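Colleague: Would you mind keeping the following structure in view while I ask a few things?
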Amino acid sequence: MEIGLRAKGHSQRSDQVFTYHVRGCKRRRLQSDPSGISRMQRLDSGQGVFHYTQNIFISSAKLRVFPDFLRPVVQFFIPELRSVWDCNRRAQDILAPILAERVAAEKNRDHKHKKPHDSIEWLRNDTNDPKDKNDPQLRAILQLLIGALSVNTTTQLITNCIFNLATQPEYVQILRQEIEETLREVGGQWTMDSMAQLQKMDSFVKETLRHSGHLTRE
């Protein structure tokens, strides 16, 4: 499936505003997740996770201006870096009781305890060092990085897909028909396997990435 670039008439300002609203919808969707990870979304207020990635890159750029021997001192005078540290501390406070709860259940070998299926547990299972596995500070930073990076990249992709559909509506019916047919085949239940059957949707998203991805945009 080949798609063209977004209409030349769209303004950069409208792009930014729409991206902001899509990001907000995605954040609210994350907050509705009933798993333990949803509690991390409480950080997403004010400047919180919303600007976490931005603050990391800005503080990194500012630090690189100074020679290596000055950075240990200069770091304390960079407001964006202080914001990152503050977010890390708040994330640690939220995650510590979640980890303690899971560690206690594992030690007691509670047969009723079902291992959560979330990114906290995935990363814990990928760690061999018991100390790192249950370190609230390390676990919190990893969760923040996952959240910040995934929200920004997927938000931009969703925004670009919607713009492409708006400027080329002939693809709407094609994609809708594929979705309806797939849903009928799988009994109306979305799963990873059923979504993998959406070949036209996959092609549309890949074409959007090819034209408007972070590495290919003009």
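The sequence shown lines up with residues 1010 to 1227 when you count with my numbering.
Cβ coordinates follow ideal geometry from the N, Cα and C atoms, glycine included.
These numbers come from a predicted model, not from an experiment.
Could you give the first and the last residue of the continuous alpha helix (DSSP H) run that contains THR1191?
Modeller: Taken as a continuous stretch (DSSP letters only), the alpha helix (DSSP H) holding THR1191 covers 1179-1194.
Colleague: Distance, Cα to Cα, LEU1104 vs PRO1178?
Modeller: One C-alpha to the other measures close to 44 Å.
Colleague: Please return the same chain residues whose Cβ sits closer than 8 Å to the Cβ of VAL1214, not counting the five positions on each side in sequence.
Modeller: Excluding positions up to five away in sequence, the list reads LEU1166 and CYS1170.
Colleague: Closest to ASN1173 by C-alpha separation, out of ALA1113, VAL1083, ARG1073 and HIS1220, would be which residue?
Modeller: That would be HIS1220, whose Cα lies nearest to the Cα of ASN1173.
Colleague: Where PRO1139 and VAL1181 are concerned, what is the direct C-alpha to C-alpha distance, given to the nearest angstrom?
Modeller: Their Cα atoms are separated by approximately 50 Å.
Colleague: Please go through the same chain and pick out, in chain order, the residues whose beta-carbon is closer than 7 Å to the beta-carbon of LYS1124, but skip the five residues on each side of it.
Modeller: Here the set comprises GLU1130.
Colleague: Counting only the same chain and skipping the five closest in sequence on each side, list residues whose C-beta sits under 7 Å from that of LYS1142.
Modeller: Excluding sequence neighbours, LYS1142 sits near ARG1133 and THR1136.
Colleague: With ARG1080 as the anchor, note down where its alpha helix (DSSP H) starts and where it stops.
Modeller: Here the alpha helix (DSSP H) through ARG1080 covers 1080-1083.
Colleague: Taking Cβ positions, are LEU1072 and GLN1084 nearer each other than 8 Å?
Modeller: Yes.
Colleague: Within the same chain, show all residues whose beta-carbon is closer than 8 Å to that of SER1044, passing over the 5 residues directly before and after it, in chain order.
Modeller: Below a pLDDT of 50, predicted positions are generally treated as unreliable, and SER1044, at 45, falls in that range; no measurement from the model is reported.
Colleague: Out of GLN1186, PRO1145 and GLU1187, state which residue places its alpha-carbon closest to the alpha-carbon of ILE1107.
Modeller: Of the listed residues, the one whose Cα sits closest to ILE1107 is PRO1145.
Colleague: Taking the alpha helix (DSSP H) that PRO1139 falls in, what are its first and last residues?
Modeller: That run of the alpha helix (DSSP H) goes 1139-1142.
Colleague: For GLN1186, which option in THR1176, GLN1208, MET1201 and ALA1175 has the closest C-alpha, if you only look at C-alpha atoms?
Modeller: Selected option, being the one with the closest Cα: GLN1208.
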